[in-house]
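A.B. asks:
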Amino acid sequence: MSTTESPPPPVPADVIKSSGSERPQSARAIVWFRRRAAFGAFCRSYAKHTSGVIGLVVLLAIILATVLAPLYTDRADLNAATAPGGRMESPSGEFWLGTDRTGRPILTMIVWGARVSLQIGLTAAVIAVAFGTVVGMVAAHYGGWLSWLLMRVTDWFIVLPAFILSIALVVALGSASKWVIITAIALNSWATTARLVRAQTLSIEGRPYLERTRALGAGDWHQMTRHVLPNLMPLVLASATLRVSAAILSEASLAFIGLGDPRSFSWGIILARAQAEGAVSYGAWWYVLPPGLAILALVLSFTLIGRTMESVLNPRLRDDR
Numbered sequence: 001m002s003t004t005e006s007p008p009p010p011v012p013a014d015v016i017k018s019s020g021s022e023r024p025q026s027a028r029a030i031v032w033f034r035r036r037a038a039f040g041a042f043c044r045s046y047a048k049h050t051s052g053v054i055g056l057v058v059l060l061a062i063i064l065a066t067v068l069a070p071l072y073t074d075r076a077d078l079n080a081a082t083a084p085g086g087r088m089e090s091p092s093g094e095f096w097l098g099t100d101r102t103g104r105p106i107l108t109m110i111v112w113g114a115r116v117s118l119q120i121g122l123t124a125a126v127i128a129v130a131f132g133t134v135v136g137m138v139a140a141h142y143g144g145w146l147s148w149l150l151m152r153v154t155d156w157f158i159v160l161p162a163f164i165l166s167i168a169l170v171v172a173l174g175s176a177s178k179w180v181i182i183t184a185i186a187l188n189s190w191a192t193t194a195r196l197v198r199a200q201t202l203s204i205e206g207r208p209y210l211e212r213t214r215a216l217g218a219g220d221w222h223q224m225t226r227h228v229l230p231n232l233m234p235l236v237l238a239s240a241t242l243r244v245s246a247a248i249l250s251e252a253s254l255a256f257i258g259l260g261d262p263r264s265f266s267w268g269i270i271l272a273r274a275q276a277e278g279a280v281s282y283g284a285w286w287y288v289l290p291p292g293l294a295i296l297a298l299v300l301s302f303t304l305i306g307r308t309m310e311s312v313l314n315p316r317l318r319d320d321r
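This is the structure:
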């Protein structure tokens, strides 16, 4: 993905202060006005993409259902010793999505499990994208042997089978706790971002205004944080959104094969328990289908949002017709 500079929006009259001659009231006021204008333009462009709007609505619905979970579910029902339902009850007016083998409501498990799946997906994606961004920027900015070394390590992580590497990392790091799974997924998914960021950083640092900045004596930190990173943000945001869906699928896959946190109720753990309790042979479709559809809906929503952000923020993919 590459970005091109567009002319800044005009400064409104209320940002101009007259004192003998017209001049900006403050540089901060102009910066914030331009940021608001850019955000407004982004929202208008995003709203033109039906798929992106659908993905955003689905994601907000899942987040709202998760945040409001204490209002319509009781977390105590997740305790098998106090589960209110009977074993493997089919959906009814009392238990909308049925119960599991110990009488726990499937709806309660899915709603509270969404918190775990979202936490793991978002945290792993943020760590992976942040680490990949730093590696890519450093490799592009300094070049030389450091760039060669960082890119060889990046290539090594790219060519390794992702799921096999995640399994190996979870086993090597010991207990399959939530943070061990997050660490394993993050270490497995930063390399692609590093490659993309390095290519984009090389393009940005070849622009004339970066050459002028260096000529005026700006240091490495100033160049990367004040000029390179802001231009990288569209790429970083789109990459982070797509990484979330991949992290959620990775967690569900690890949990399904028995490498999830047994103390949590992530959607992958629910599917693993359904398999262990013989839900398929019992014909308890309500134990398997709802968590699977929940994973599909969440992953699809992040994918649609990420693709739409990529289309809006990348001038080569933008459709202004």
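In the UniProt record's numbering, the protein residues as written are 1 to 321. By construction, the Cβ of each residue, glycine as well, lies at the ideal position given by its N, Cα and C atoms. These figures come from a predicted structure and were not determined experimentally.
1. On a Cα-Cα basis, can you pick out the residue from 104, 190, 157 that is closest to residue 82?
2. Across which residues does DSSP place residue 105 in a beta bridge pair?
3. On a Cα-Cα basis, can you pick out the residue from 118, 308, 156 that is closest to residue 195?
4. Give me the residue from 217, 265, 187 with the minimum Cα distance to residue 80.
5. Quick check on the DSSP output: the alpha helix (DSSP H) that includes residue 294 runs from which residue to which?
6. Given this structure, state the Cα-to-Cα distance separating residue 109 from residue 177, to the nearest angstrom.
7. If you reduce the DSSP assignment to three classes, tell me which class residue 227 lands in.
8. Please classify residue 330: does DSSP put it in a helix, a strand, or coil?
9. Taking only three categories from DSSP, how would you classify residue 49?
10. Here's the rule: buried if 16 or more other CB atoms are within 10 angstroms of the residue's CB, otherwise exposed. What is residue 309?
11. Do you know how far the Cα of residue 139 is from the Cα of residue 85?
12. Could you give the distance in angstroms between the alpha-carbon of residue 45 and the alpha-carbon of residue 313?
13. Report yes if the C-beta of residue 159 is less than 6 Å from at least one heavy atom of the ligand SAM; otherwise report no.
14. May I ask you to verify whether the region 289-304 touches the region 223-237, counting CB pairs closer than 8 Å and requiring at least 3?
15. Buried or exposed for residue 179, going by 16 or more other Cβ atoms inside 10 Å?
16. Between which two residues does the alpha helix (DSSP H) containing residue 147 stretch?
17. Straight-line CA distance for residue 78 to residue 267?
18. Could you please give the first and the last residue of the uninterrupted alpha helix (DSSP H) stretch that includes residue 82?
19. By a C-beta neighbour count over all protein chains shown, 10 Å radius and 16 as the cutoff for buried, is residue 142 buried or exposed?
20. Looking only at its own chain, which residues have a Cβ that is under 7 Å from the Cβ of residue 111, when we skip the five neighbours before and after it?
21. Within 10 Å of its beta-carbon, does residue 47 have 16 or more other beta-carbons around it, so buried, or fewer, so exposed?
22. Counting pairs of beta carbons, one from the region 275-282 and one from the region 203-212, are three or more of them closer than 8 Å?
23. Helix, strand or coil for residue 261 per DSSP?
24. Note down, in chain order, each residue of its chain lying with its Cβ closer than 6 Å to the Cβ of residue 307, except the 5 sequence neighbours on either side.
25. Can you give me the C-alpha to C-alpha distance between residue 168 and residue 192, rounded to a whole angstrom?
26. Quick one: what does DSSP say residue 201 is sitting in, helix, strand or coil?
27. Contact between the region 237-244 and the region 145-162 is defined here as three or more beta-carbon pairs at a separation below 8 Å; is this criterion met?
28. Would a C-beta distance cut-off of 7 Å place residue 305 and residue 56 closer than the cut-off?
29. With DSSP run on the structure shown, which of helix, strand or coil describes residue 176?
C.D. replies: Quick answer:
1. 104
2. 99
3. 156
4. 265
5. 285-313
6. 19 Å
7. helix
8. The structure shown does not extend to residue 330, since the chain is modelled only from 1 to 321, so the question has no answer here.
9. When secondary structure is reduced to three states using DSSP, residue 49 falls in the coil class, being assigned neither helix nor strand.
10. buried
11. 57 Å
12. 9 Å
13. This structure does not include the ligand SAM; it has no bound ligands of any sort.
14. no
15. exposed
16. 144-159
17. 14 Å
18. Premise fails: residue 82 is in no alpha helix (DSSP H) and is neither H nor E.
19. exposed
20. 65, 66, 69, 73
21. Burial call: exposed.
22. no
23. coil
24. none
25. Taking the straight line joining both Cα atoms gives about 19 Å.
26. helix
27. no
28. yes
29. coil
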